[in-house]
Amino acid sequence: MPCLNEVETLGACIEKAQRALHQFGVQGEIVVADNGSTDGSQAIAARMGARVVHVAAKGYGNALMGGIAAARGKYIIMGDADDSYDFTQLNPFLEKLREGYDLVMGNRFKGGIKPGAMPLLNRYFGVPVLTAIGRVFFRTSCGDFHCGLRGFRKASVQALDLRTTGMEFASEMVVKAALRKLRITEVPTTLSPDGRSRPPHLRRWRDGWRHLRFLLLYSPRWLFLVPGALLMSAGSTIGMWLLPGARTIGGVTFDVHTLLFAAMAVVIGFQAINFAVFAKVFAISERLLPEDPRLTRAFRFITLETGLLVGTALVLAGTAASVWAFAVWERRGFGSLDPSRTFRVVIPAALSLILGCQIVFSSFFLSILGMGRRGSEQR
3 MPCLNEVETL
13 GACIEKAQRA
23 LHQFGVQGEI
33 VVADNGSTDG
43 SQAIAARMGA
53 RVVHVAAKGY
63 GNALMGGIAA
73 ARGKYIIMGD
83 ADDSYDFTQL
93 NPFLEKLREG
103 YDLVMGNRFK
113 GGIKPGAMPL
123 LNRYFGVPVL
133 TAIGRVFFRT
143 SCGDFHCGLR
153 GFRKASVQAL
163 DLRTTGMEFA
173 SEMVVKAALR
183 KLRITEVPTT
193 LSPDGRSRPP
203 HLRRWRDGWR
213 HLRFLLLYSP
223 RWLFLVPGAL
233 LMSAGSTIGM
243 WLLPGARTIG
253 GVTFDVHTLL
263 FAAMAVVIGF
273 QAINFAVFAK
283 VFAISERLLP
293 EDPRLTRAFR
303 FITLETGLLV
313 GTALVLAGTA
323 ASVWAFAVWE
333 RRGFGSLDPS
343 RTFRVVIPAA
353 LSLILGCQIV
363 FSSFFLSILG
373 MGRRGSEQR
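Following my numbering, the numbering of the sequence shown begins with 3 at its first residue and continues without gaps.
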């Protein structure tokens, strides 16, 4: 139980957990991971027979990591100390763990949310939206990413190398478990109004953003690759459509100005795709993400030399087109030119030069990241 000034409810939570251990004949301990309480919570926990672990580093994630490290059992069931969860109903979690699951999540939407237990905005927007994003990004069937009551195998979760220190720790556990292909299931869990007279530690907008930020940062595909691919595809399609000449649809004419913005979309999209690859390689090197066989196969063909050849070819093509455009300008005595004609050469030339230089520099940078990746594999 993570604890920070829970004097009003901690005793009831410990008493319910003790009843559950006795009722189901489980040999276990109750660990209270205290995060610097100043209201006497530690004394209550010790008096009731719980083991108090003092965690100096502030934060929900820090408290839980300290408690997990100190726990002696094979299985761990964690839950908030605000009396919003019924600790007498832990047997379904234990049964699933004994069946071989690595992570057993509580699902408040299946088990029921009592009136006043969760703000309406969180219940109908915040938690469902963040959970839906997590399900799509990480291909997991978990229906409640942020339930505070969950059980897991200690060894399995410690192997995930969890790092976040705040409320986003709840998302990190599910995300990394899904990425590592751990066995995950869920059981219905009832959420009741907490028994405290003070406001909760949760800060709706701040903590909601921290959860969303974590989900985005751990998914380079959705943060960079998908938007980048869409921008590049749209820009390339529009550019090819406008390259032969102006187009008119419904009385609206699209010409070189639209072509310029199409080229911009290609550049931004290509840069985003670059970031997706860089982020993926770096995250794997730092063991933030698991190895990706598709990336390994791709690097058999995408080498520094390949990137240099492609980049150089684009730079040469862009240079040749630029020289042609300059020659046309010279023949006109360096006077004014018709933009609707010359821009159809200048814009692709500039785009080719930009992409060529980007590919050359990116190839070198990716090789540097790859050196670190090979070094980490050897370690």
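Every residue, glycine too, gets a C-beta built ideally from N, C-alpha and C.
Distance check for residue j and residue i, CA to CA, integer angstroms please.
i, j, result
"Phe-226", "Ile-78", "36 Å"
"Ile-32", "Gly-118", "28 Å"
"Leu-162", "Lys-76", "16 Å"
"Arg-49", "Asp-85", "18 Å"
"Phe-220", "Ile-356", "First, the amino acid is wrong: residue 220 is Tyr here, not Phe. Taking the straight line joining both Cα atoms gives about 29 Å."
"Val-317", "Leu-353", "9 Å"
"Ser-463", "Tyr-62", "Only positions 3 to 381 of the chain appear in this structure, which leaves residue 463 out of reach."
"Val-34", "Leu-217", "28 Å"
"Ala-323", "Thr-260", "20 Å"
"Pro-94", "Lys-116", "20 Å"
"Phe-367", "Met-373", "10 Å"
"Pro-295", "Ala-236", "29 Å"
"Ala-319", "Ala-351", "7 Å"
"Gly-337", "Arg-215", "52 Å"
"Met-242", "Val-177", "40 Å"
"Met-107", "Arg-185", "11 Å"
"Met-266", "Leu-311", "23 Å"
"Thr-40", "Thr-166", "24 Å"
"Gly-335", "Val-325", "15 Å"
"His-24", "Arg-100", "18 Å"
"Pro-195", "Asn-109", "16 Å"
On the three-state DSSP scale, how would you describe residue i?
i, result
"Asp-36", "strand"
"Met-107", "strand"
"Tyr-220", "coil"
"Thr-298", "helix"
"Phe-147", "coil"
"Met-234", "helix"
"Gly-377", "Per-residue confidence for Gly-377 stands at a pLDDT of 46, beneath the threshold of 50, marking its modelled position as unreliable; the derived number appears in the next sentence. Here Gly-377 sits in helix by DSSP."
"Tyr-126", "helix"
"His-56", "strand"
"Thr-166", "coil"
"Leu-6", "coil"
"Ile-304", "coil"
"Met-80", "strand"
"Val-189", "strand"
"Val-254", "strand"
"Arg-249", "strand"
"Arg-346", "helix"
"Phe-154", "strand"
Only counting the same chain, and skipping five residues up and downstream in sequence, which positions put a Cβ closer than 8 Å to that of residue i?
i, result
"Thr-344", "Ala-327, Val-330, Trp-331"
"Val-159", "Ile-70, Ile-78, Asp-104, Leu-105, Met-175, Ala-179"
"Glu-379", "Caution applies to Glu-379, whose pLDDT of 47 falls short of 50 and renders its modelled position unreliable; the model cannot decide the point."
"Arg-206", "Pro-121, Leu-123, Asn-124, Gly-128"
"Ala-22", "Val-28, Phe-89, Thr-90, Gln-91, Leu-92, Asn-93"
"Gln-273", "Gly-230, Gln-360"
"Ala-65", "Pro-4, Cys-5, Leu-6, Ala-35, Asp-36, Asn-37, Val-57"
"Leu-262", "Phe-345, Ile-349"
"Thr-255", "Ala-248, Arg-249"
If distances are taken between C-alpha atoms only, which option among the options comes closest to residue i?
i, options, result
"Arg-208", "Met-169, Ser-173, Met-234", "Met-169"
"Thr-11", "Ile-46, Asn-37, His-24", "Ile-46"
"Ile-383", "Ala-231, Asp-294, Val-54", "The structure shown does not extend to residue 383, since the chain is modelled only from 3 to 381, so the question has no answer here."
"Ser-342", "Arg-53, Leu-244, Ala-264, Arg-21", "Leu-244"
"Gly-340", "Phe-147, Asp-257, Glu-101, Met-234", "In the sequence on display, residue 340 carries Asp and not Gly. When each option's Cα is compared against that of Asp-340, the closest is Asp-257."
"Met-3", "Ala-22, Lys-183, Val-54", "Val-54"
"Ala-73", "Ala-59, Ala-157, Arg-296, Thr-166", "Ala-157"
"Ala-285", "Cys-5, Leu-181, Gly-237", "Leu-181"
"Glu-288", "Leu-371, Val-325, Pro-130, Met-242", "Leu-371"
"Leu-291", "Pro-350, Lys-183, Arg-346", "Lys-183"
"Thr-187", "Pro-202, Ala-58, Cys-149", "Cys-149"
"Lys-18", "Asp-82, Thr-40, Ala-58, Ala-65", "Asp-82"
"Val-9", "Leu-204, Arg-165, Ser-43", "Ser-43"
"Val-347", "Thr-166, Pro-246, Ala-315, Gly-145", "Pro-246"
"Gly-13", "Glu-293, Phe-140, Arg-333, Gly-197", "Gly-197"
"Ser-369", "Ala-315, Arg-333, Glu-307, Thr-321", "Glu-307"
Spatial neighbours of residue i within its chain, please: C-beta separation below 6 Å, excluding the five flanking residues on both sides.
i, result
"Ile-16", "Ile-32, Met-50, Ala-52"
"Gly-113", "Pro-190, Thr-191, Thr-192"
"Gly-309", "Ile-361, Ser-365"
"Pro-222", "Ala-278, Ala-281, Lys-282"
"Gly-313", "Gly-358, Ile-361, Val-362"
"Gly-210", "Gly-128"
"Phe-140", "Val-177, Ala-180"
"Ala-172", "His-148"
Short of 7 Å in beta carbon distance, which residues of its chain neighbour residue i, apart from the five on each side in sequence? Order them along the chain.
i, result
"Arg-212", "Gly-168, Met-169, Glu-170"
"Lys-60", "Asn-37, Gly-38"
"Arg-381", "Note that Arg-381 has pLDDT 41, beneath the 50 cutoff, so the model's placement of it is unreliable and the number below is only indicative. If we look at Arg-381 and ignore the five residues flanking it on each side, it has no Cβ neighbours."
Quiz item: Are the stretch 296-309 and the stretch 246-258 touching by the rule of at least three beta carbon pairs closer than 8 Å?
Solution: no
Quiz item: Would you call the stretch 152-160 and the stretch 117-134 in contact, with 3 or more CB pairs under 8 Å?
Solution: no
Quiz item: Contact between the stretch 21-37 and the stretch 128-137: three or more CB pairs below 8 Å?
Solution: no
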